[in-house]
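Asks:
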Amino acid sequence: KLGLVYRNPSDAVYKPKAPKHEMQVLDENQVRSLLITVRGKRLEALYKVAITTGLRQGEILGLKWSDLDWQTGQVHIQRQVQRVPHVGLTFAEPKTAAGRRMIVLGLDTLEALKQHKERQWVEIQFMGERWQENDLIFPSSIGTPLDPHNLIHRFKKLLQEAKLPNIRFHDLRHTAATLMLKQGVPVKVVQERLGHSDAAMTLNVYSHTIPGMQEEAARKMDEITRLIEI
Numbered sequence: 006k007l008g009l010v011y012r013n014p015s016d017a018v019y020k021p022k023a024p025k026h027e028m029q030v031l032d033e034n035q036v037r038s039l040l041i042t043v044r045g046k047r048l049e050a051l052y053k054v055a056i057t058t059g060l061r062q063g064e065i066l067g068l069k070w071s072d073l074d075w076q077t078g079q080v081h082i083q084r085q086v087q088r089v090p091h092v093g094l095t096f097a098e099p100k101t102a103a104g105r106r107m108i109v110l111g112l113d114t115l116e117a118l119k120q121h122k123e124r125q126w127v128e129i130q131f132m133g134e135r136w137q138e139n140d141l142i143f144p145s146s147i148g149t150p151l152d153p154h155n156l157i158h159r160f161k162k163l164l165q166e167a168k169l170p171n172i173r174f175h176d177l178r179h180t181a182a183t184l185m186l187k188q189g190v191p192v193k194v195v196q197e198r199l200g201h202s203d204a205a206m207t208l209n210v211y212s213h214t215i216p217g218m219q220e221e222a223a224r225k226m227d228e229i230t231r232l233i234e235i
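In this text, residue positions in the sequence shown follow the working numbering: the first is 6, and each later residue adds one.
What follows is the structure, given as structure tokens:
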């Protein structure tokens with residue numbers, strides 16, 4: 006602004022491309038296998054929430070009971086757990102402005118959370134003074150934010166136990182989005198549930214599902230326009 010430098014030297018820098026991780030998703034049968042394997046385990050409800058909502062890992066770990074309205078099934082996403090160097094696990098704002106959102110949970114997911122809350126109450130009584138109350142839905146065994154590294158470690162063991170592909174935890178988010186689109190959920194709704202800034206981003210990320218959706222659309226339009234002989 007002072008005019009002392011007439012040219013920005015950084016304009017000549019070649020920006021490296023961000024590494025692109027291959028997306029892997031589970032199909033309907035594989036999702037059921039995972040949920041069967043996790044049945045009865047401490048974080049059973051966490052996986053139900055992850056697969057039915059597509060929330061990011063940090064968003065799931067940042068959920069509090071006060072964010073959930075049991076009557077309407079609405080849950081407000083307004084924070085995430087993240088690791089800060091030399092500080093540890095902290096609460097932070099959602100990744101983007103669109104990340105601060107409200108989504109609705111299904112009855113099965115609410116029931117899973119209800120059972121989870123009952124088990125958590127027993128856990129609190131058992132831990133006594135060692136429990137650190139943070140109102141978290143999915144805390145550690147002493148009530149503090151759950152370490153993402155520990156969650157991933159348990160997740161990998163579950164995949165082996167269920168004989169499923171070695172996917173990332175983040176791929177559960179991709180799985181949720183893909184299944185919603187394949188089930189005919191409008192892109193705008195999927196975008197809002199995922200917390201994307203716009204529907205174009207959702208379509209760009211999950212364009213691999215479009216061919217199957219095109220075939221289904223063609224089949225349905227044929228059914229609508231089929232003439233019935235009288």
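For every residue, glycine included, the Cβ atom is placed at its ideal position computed from N, Cα and C.
Is the CB-CB distance between threonine 180 and valine 43 below 8 Å?
Replies: no
Asks: Okay, do the region 84-104 and the region 137-153 touch, 3+ Cβ pairs below 8 Å being the bar?
Replies: yes
Asks: Which residue marks the beginning of the beta strand (DSSP E) containing methionine 28, and which one marks its end?
Replies: Looking at the DSSP string, methionine 28 is not in any beta strand (DSSP E), and its letter there is neither H nor E.
Asks: Quick check: what's the CA-CA separation for isoleucine 129 versus isoleucine 229?
Replies: For isoleucine 129 and isoleucine 229, the distance between alpha carbons rounds to 56 Å.
Asks: Classify glutamine 83 as helix, strand or coil using the three-state DSSP reduction.
Replies: Assigned with DSSP and collapsed to three states, glutamine 83 falls in coil, not helix or strand.
Asks: So what's glycine 93 in DSSP terms, helix, strand or just coil?
Replies: Under the three-state reduction of DSSP, glycine 93 is assigned to strand.
Asks: Near aspartate 176, which residues of its chain fall below 8 Å by C-beta distance, leaving aside the five closest residues on each side in sequence?
Replies: The answer, listed in chain order, is Met28, Gln29, Val30, Leu31.
Asks: Rounded to whole angstroms, what's the CA-CA distance from threonine 101 to glycine 200? Just pull it up for me.
Replies: 8 Å
Asks: Report yes if the CB atom of leucine 169 is closer than 8 Å to the CB atom of leucine 39, and no otherwise.
Replies: yes
Asks: Mind checking who valine 109 pairs with in its DSSP beta bridge?
Replies: Gln79
Asks: Can you tell me where the alpha helix (DSSP H) holding valine 10 begins and where it ends?
Replies: First-last for valine 10: undefined, no H or E at that position.
Asks: Are the region 207-222 and the region 188-196 in contact at 8 Å, needing three or more beta carbon pairs?
Replies: yes
Asks: Is it right to say arginine 106 is buried, meaning 16 or more other beta carbons lie within 10 angstroms of its own, or is it exposed?
Replies: buried
Asks: By how many angstroms is the C-alpha of threonine 114 removed from the C-alpha of glycine 59?
Replies: 13 Å
Asks: If you draw a straight line from the alpha carbon of lysine 119 to that of arginine 61, how long is it in whole angstroms?
Replies: Lysine 119 and arginine 61 have their alpha carbons spaced roughly 21 Å apart.
Asks: Can you grab the Cα-Cα spacing for the pair arginine 135 / threonine 214, in whole Å?
Replies: 47 Å
Asks: Does the Cβ of isoleucine 147 have 16 or more other Cβ atoms within 10 Å, making it buried, or fewer, making it exposed?
Replies: exposed
Asks: Candidates Gln35, Gly93, Thr95: which alpha carbon is nearest glutamate 166's?
Replies: That would be Gln35, whose Cα lies nearest to the Cα of glutamate 166.
Asks: In whole angstroms, what is the alpha-carbon distance linking asparagine 171 and glycine 111?
Replies: 28 Å
Asks: With a CB to CB cut of under 8 Å and the five nearest residues on each side skipped, what residues in its chain are close to valine 18?
Replies: none
Asks: Count the other CB atoms, across all protein chains shown, that sit within 10 Å of the CB of lysine 46; report buried if there are 16 or more and exposed otherwise.
Replies: exposed
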